[in-house]
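**Q** Here it is: the structure, laid out below.
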Amino acid sequence: MIHQERHQHLRIELASPEQIRSWAERTLPNGEIVGRVTKPYTLHYKTHKPEKDGLFCERIFGPIKSGICACGKYQGIENKKEYSRFCEQCGVEFIDSRVRRYQMGYIQLACPVTHVWYLKRLPSYIANLLAKPLKELESLVYCDLFLARPVSNKPVLLKLRGLFKYEDQSWREIFPRFFSPRGFEAFRNREIATGGDAIKKQLTNLDLQIIMNCAYTEWIKLAEQESTGNEWEDRKIQRRKDLLVRRIKLAKQFLRTNIKPEWMVLSVLPVLPPELRPMIELNEGELITSDLNELYRRVIYRNNTLIDFLARSGSTPGGLVVCQTRLVQEAVDALIDNGIRGQPMRDSHNRPYKSFSDVIEGKEGRFRENLLGKRVDYSGRSVIVVGPSLPLHQCGLPREMAIELFQAFVIRGLIGRRLAPNLRAAKSMIQNKEPIVWKVLQEVMRGHPVLLNRAPTLHRLGIQAFQPILIGGRAIRLHPLVCVGFNADLDGDQMAVHIPLSLEAQAEARLLMLSHTNLLSPATGDPVSVPSQDMLLGLYILTIENHQGIYGNRENLPKSNCSYRSKVSSKKIPYFYGYDNVVGVREQKKISLHSPLWLRWGTNLRVITSRNREKPIEVQYDPLGTSSQIYEHYQLVRNKEEKIFGIYVCTTVGRVIFNQQIEEAIQGTLKASRHRDRPLPAVII
751 MIHQERHQHL
761 RIELASPEQI
771 RSWAERTLPN
781 GEIVGRVTKP
791 YTLHYKTHKP
801 EKDGLFCERI
811 FGPIKSGICA
821 CGKYQGIENK
831 KEYSRFCEQC
841 GVEFIDSRVR
851 RYQMGYIQLA
861 CPVTHVWYLK
871 RLPSYIANLL
881 AKPLKELESL
891 VYCDLFLARP
901 VSNKPVLLKL
911 RGLFKYEDQS
921 WREIFPRFFS
931 PRGFEAFRNR
941 EIATGGDAIK
951 KQLTNLDLQI
961 IMNCAYTEWI
971 KLAEQESTGN
981 EWEDRKIQRR
991 KDLLVRRIKL
1001 AKQFLRTNIK
1011 PEWMVLSVLP
1021 VLPPELRPMI
1031 ELNEGELITS
1041 DLNELYRRVI
1051 YRNNTLIDFL
1061 ARSGSTPGGL
1071 VVCQTRLVQE
1081 AVDALIDNGI
1091 RGQPMRDSHN
1101 RPYKSFSDVI
1111 EGKEGRFREN
1121 LLGKRVDYSG
1131 RSVIVVGPSL
1141 PLHQCGLPRE
1151 MAIELFQAFV
1161 IRGLIGRRLA
1171 PNLRAAKSMI
1181 QNKEPIVWKV
1191 LQEVMRGHPV
1201 LLNRAPTLHR
1211 LGIQAFQPIL
1221 IGGRAIRLHP
1231 LVCVGFNADL
1241 DGDQMAVHIP
1251 LSLEAQAEAR
1261 LLMLSHTNLL
1271 SPATGDPVSV
1281 PSQDMLLGLY
1291 ILTIENHQGI
1301 YGNRENLPKS
1311 NCSYRSKVSS
1321 KKIPYFYGYD
1331 NVVGVREQKK
1341 ISLHSPLWLR
1351 WGTNLRVITS
1361 RNREKPIEVQ
1371 YDPLGTSSQI
1381 YEHYQLVRNK
1391 EEKIFGIYVC
1401 TTVGRVIFNQ
1411 QIEEAIQGTL
1421 KASRHRDRPL
1431 PAVII
């Protein structure tokens, strides 16, 4: 955790071997430095106490019980005297046992081990920096191949170049005759390398600035080339350009963060605190342990074996050392990411071990389950259902949830209005659900937005602000158009509600996070709140017209409305003079939703037809001199002077309702924009 400018943030990056040791090493009061785990043991099989220098050692990770050492002596942790904070017999400090949740250890590896994340994960950072094929590097890491001249700027005796197999080492039977055992070992380490050591030496010799310059120069040459006309060659050039761009970005990132590439090869392996990989004793005396402990034990066993082989290098065959180096690499791979190379390591029940990657990744991992998904105050969770009658910026909040979320604000409102004398009386009124409580709650909610979030929050629209309103039931009501931004379905999805507390958070929610201000995708600019599925089907059914058009007759009218049928029997299609007239007749069920009708329109209507000169279907003349020219979709009413003084459009009740809603929405938007653009009143200071 880094404190920078009074803000705490977490930075995840590569750590140097010295930094890993600094996490684990600490000096005891007697001057002894502890932190290195050297034994693969956990608990003693008889006493069930941690083994010394093992994976649960109390000297390294702290006491199991606060103030009690491994010997059983007790000393109060509040005693600040230097000599009393340490047991000279067992070497355990008298400190709080909670230190075992964050105190780390480390394993000093006998050989460098390549970090499998940076080798096997795509894109491979090591392959990108070294500009070599991934398969070739894998063969080198797992000791299938050897690398000659790993350090190119030193003189060599062998004339070997590049990679070769172990069987090709004809020199290994000749040169030992001219060197002592130690001298031959030093000669072989300088001339020949394999495993993680070969990768580390190559990464150490890299000059990142030169890599950036060379990659940029090559990219410029490829960009200046004209298209060859061959699709395969053009794709090949484009892939090469993309690879060069990734290499430049990677080298630039290493330089910017002051990270050395050789840190991708581990020489010191950190050991997690014991409380994060516990071993629990059951009632029957059996012990259950985390899989990480078994994987750590395997690493320590193989590492100690390799240390013994290297200590007896004169009598140990070279092939055995190479094989053990590969086993150490595979053990560390299984600890970091089990199964990334194929078949995972399994226990006696043929169950794959759960590695460090399995612990932290996924929905049930450490980050999403314990850090991002933990419960917080002033928040709730419920199922979402559709609320089509809600405006886009509102959400329906159940009364039971709202009174809990806004309880602190309601209590302050009750006391401030002198409706309750103290805190206890206000809580009693809320528990009894007195009517005045709901009025105060509505006043509080009127100016207080809430935040709705649906996991996983993959982009900015995963959390938006809404103006809450009180509703019955226990589900959150949401406008269907905002579900696209949340990637939510109305089939049982749950959403979380959060209350912004500070004035800054409320202002940010109201100005930047309200749903009607997030209508476009921030990534692509495409509209997000678009109708789909059942909304489109409903609009289609609402605006569909009778296929007979103006040729429809009174048989389209409901049979039960005989009085209305007699009124319009002289006309095949009824005439209306406004929206309200149409809606009123529809509410009286005197006309069906899809029946055609003539609606009077303003004379400023501009008629656009598909044909240049559309002839009227029928022309009707009135005794007073007026005439009506009836077309397929409209009719024009003219006076004696042939001037148009009336226009009727052929439409349906459903289209009238749809058009009325569109007009009201546009007028509301214009009214809101005029209110928003109104100049602020002057303030006298």
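Heads up: the sequence shown runs through residues 751 to 1435, numbered per the working numbering.
No residue lacks a Cβ here, since even glycine has one placed at the ideal position from N, Cα and C.
(1) Considering M1245, what are the terminal residues of the alpha helix (DSSP H) in which it resides?
(2) So, do the region 1110-1119 and the region 1047-1058 have three or more beta carbon pairs nearer to each other than 8 Å?
(3) To the nearest angstrom, report how far apart S1098 and E1036 are at their CA atoms.
(4) Comparing alpha-carbon positions, which option in Q1217, P1024, M1285 lies nearest L1261?
(5) Helix or strand or just coil, what does DSSP make of Y1371?
(6) Write down every uninterrupted run of the beta strand (DSSP E) in the region 1002-1054 whose length is 3 residues or greater and which is fully enclosed by it, in chain order.
(7) Run through DSSP, which three-state label would P1102 get?
(8) With a 10 Å radius around its C-beta and 16 neighbouring C-beta atoms as the bar for buried, classify M745 as buried or exposed.
(9) Only counting the same chain, and skipping five residues up and downstream in sequence, which positions put a Cβ closer than 7 Å to that of L1155?
(10) Taking the alpha-carbon positions, what's the G1242 to Q1256 distance?
(11) Could you tell me if Y1398 is buried or exposed, where buried requires 16 or more neighbouring beta carbons within 10 angstroms of its beta carbon?
(12) Which first and last residues belong to the alpha helix (DSSP H) in which I1291 is found?
(13) Quick check on DSSP: helix, strand or coil for I857?
(14) Can you find at least 3 beta carbon pairs, one from the region 1055-1067 and one from the region 840-855, that sit closer than 8 Å?
(15) For Y875, tell me which candidate among K1010, I970, I1086, A774 has the shortest Cα-Cα distance.
(16) Counting C-beta neighbours from all protein chains within 10 Å, is the total for W982 16 or more, i.e. buried, or is it exposed?
(17) With I1394 as the anchor, note down where its beta strand (DSSP E) starts and where it stops.
(18) Tell me which residue opens and which closes the alpha helix (DSSP H) that F1236 is part of.
(19) Output yes or no for whether 8 Å exceeds the beta carbon distance between C837 and C821.
(20) Can you confirm whether the region 1320-1339 touches the region 1377-1395 when touching is taken to mean that 3 or more C-beta pairs between the two stretches lie within less than 8 Å?
(21) By how many angstroms is the C-alpha of A881 removed from the C-alpha of L993?
(22) Below 7 Å CB to CB, which residues in the same chain sit around S1139 once its five sequence neighbours on both sides are set aside?
(23) Alpha carbon to alpha carbon, how far is W1188 from I1134?
(24) How would you label V1280, buried or exposed, when you count the other beta carbons within 10 angstroms and need 16 or more for buried?
(25) Can you check whether the CB of L890 is closer than 8 Å to the CB of L897?
(26) Sort P1023, E888, T1055, N1033 by Cα distance to S1040 and report the nearest one.
(27) What are the residues that DSSP puts in a beta bridge with A1437?
(28) When you compare only the Cα positions, how much space is there between G1163 and G1223?
(29) Alpha carbon to alpha carbon, what distance is there between F806 and V842?
(30) Should D947 go down as buried or exposed, given a rule of 16 or more other Cβ atoms within 10 Å for buried?
(31) Determine the DSSP secondary structure at G1115, reduced to helix, strand or coil.
(32) What three-state label does DSSP hand N1182 in the structure shown?
(33) Nearest to P1141 by alpha carbon, out of R1227, I770, R1076?
(34) If you draw a straight line from the alpha carbon of G804 to that of E775, how long is it in whole angstroms?
(35) Using alpha carbons as the reference points, say which of L1147, E1193, A1170 lies closest to A1215.
**A** In this structure, then:
(1) Within the sequence shown, residue 1245 is the residue found at index 495, counting from 1. Note, M1245: premise wrong, no alpha helix (DSSP H); beta strand (DSSP E) at 1244-1248.
(2) no
(3) Residue numbering aside, residue 1098 sits at position 348 when the sequence shown is read from its first letter. Residue numbering aside, residue 1036 sits at position 286 when the sequence shown is read from its first letter. For S1098 and E1036, the distance between alpha carbons rounds to 16 Å.
(4) Taking the first residue of the sequence shown as position 1, residue 1261 is located at position 511. Closest by alpha carbon: Q1217.
(5) The residue you call residue 1371 lines up with position 621 of the sequence shown. Note: Y1371 maps to strand in three-state DSSP.
(6) Fully enclosed beta strand (DSSP E) runs of 3 or longer: 1015-1021, 1029-1031, 1037-1039.
(7) The sequence position of residue 1102 within the sequence shown is 352, counting from 1. If DSSP states are grouped into helix, strand and coil, P1102 belongs with the strands.
(8) With the chain represented from 751 up to 1435, any question about residue 745 goes unanswered, as that position is not in the structure.
(9) As a working note, residue 1155 is residue 405 in the sequence shown. Excluding residues within five positions, the ones whose Cβ falls inside 7 Å are Y1128, G1130, V1247, I1249.
(10) Here the question's residue 1242 lines up with position 492 in the sequence shown. Here the question's residue 1256 lines up with position 506 in the sequence shown. Rounded to whole angstroms, G1242 to Q1256 spans 29 Å at the Cα level.
(11) Residue numbering aside, residue 1398 sits at position 648 when the sequence shown is read from its first letter. With 16 or more other Cβ atoms within 10 Å, it is buried.
(12) For this step, residue 1291 is matched to residue 541 along the sequence shown. 1284-1293 is the span of the alpha helix (DSSP H), which, as asked, contains I1291.
(13) As a first step, residue 857 must be located in the sequence shown, where it is residue number 107. I857: strand per DSSP, three-state reduction.
(14) no
(15) In the sequence shown, residue 875 corresponds to position 125, counting from 1. Restricting attention to K1010, I970, I1086, A774, the CA atom closest to the CA of Y875 is found in K1010.
(16) Locating residue 982 in the sequence shown gives position 232, counting from the first residue. By the 10 Å Cβ count, W982 comes out exposed.
(17) By 1-based counting over the sequence shown, the position of residue 1394 is 644. From DSSP, the beta strand (DSSP E) with I1394 extends over 1394-1402.
(18) Counting from 1 along the sequence shown, the entry for residue 1236 is found at position 486. Counting along the chain, the alpha helix (DSSP H) containing F1236 begins and ends at 1233-1236.
(19) As a working note, residue 837 is residue 87 in the sequence shown. As a working note, residue 821 is residue 71 in the sequence shown. A contact, by the Cβ cut-off of 8 Å.
(20) no
(21) Your numbering for residue 993 matches position 243 in the sequence shown. Your numbering for residue 881 matches position 131 in the sequence shown. Rounded to the nearest angstrom, the two C-alpha atoms are 9 Å apart.
(22) As a position in the sequence shown, residue 1139 is number 389, starting the count at 1. Cβ within range, chain order: n/a, list empty.
(23) Within the sequence shown, the letter at position 438 stands for residue 1188. Within the sequence shown, the letter at position 384 stands for residue 1134. Taking the Cα positions, W1188 is about 23 Å away from I1134.
(24) As a first step, residue 1280 is located in the sequence shown; it is residue number 530 there, counting from the start. By the 10 Å Cβ count, V1280 comes out exposed.
(25) Looking up residue 897 in the sequence shown gives position 147. Looking up residue 890 in the sequence shown gives position 140. Cβ atoms of L897 and L890: closer than 8 Å.
(26) Indexing the sequence shown from 1 puts residue 1040 at position 290. Checked all of P1023, E888, T1055, N1033; the closest Cα to S1040 is P1023.
(27) This structure cannot settle anything about residue 1437, because the visible part of the chain is limited to 751 through 1435.
(28) Here residue 1163 refers to the residue found at position 413 when the sequence shown is read from its first residue. Here residue 1223 refers to the residue found at position 473 when the sequence shown is read from its first residue. Going from the Cα of G1163 to the Cα of G1223 covers about 25 Å.
(29) To locate residue 842, count along the sequence shown from 1; it is residue 92. To locate residue 806, count along the sequence shown from 1; it is residue 56. Answer to the nearest angstrom: the Cα atoms are 12 Å apart.
(30) One-based indexing of the sequence shown puts residue 947 at position 197. Buried, because 16 or more other Cβ atoms sit within 10 Å of the Cβ of D947.
(31) The residue labelled residue 1115 in the question sits at position 365 within the sequence shown. Reduced to three states, the DSSP call for G1115 is coil.
(32) Working through the sequence shown from its first residue, we reach residue 1182 at position 432. N1182: helix per DSSP, three-state reduction.
(33) Walking along the sequence shown from the start, residue 1141 turns up at place 391. If we check each option's Cα against that of P1141, R1227 comes out closest.
(34) Reading the sequence shown from its first residue, position 54 is the one you call residue 804. Reading the sequence shown from its first residue, position 25 is the one you call residue 775. Here the alpha carbons of E775 and G804 stand approximately 15 Å from one another.
(35) Within the sequence shown, the letter at position 465 stands for residue 1215. Ranking the options by Cα distance to A1215, first place goes to L1147.
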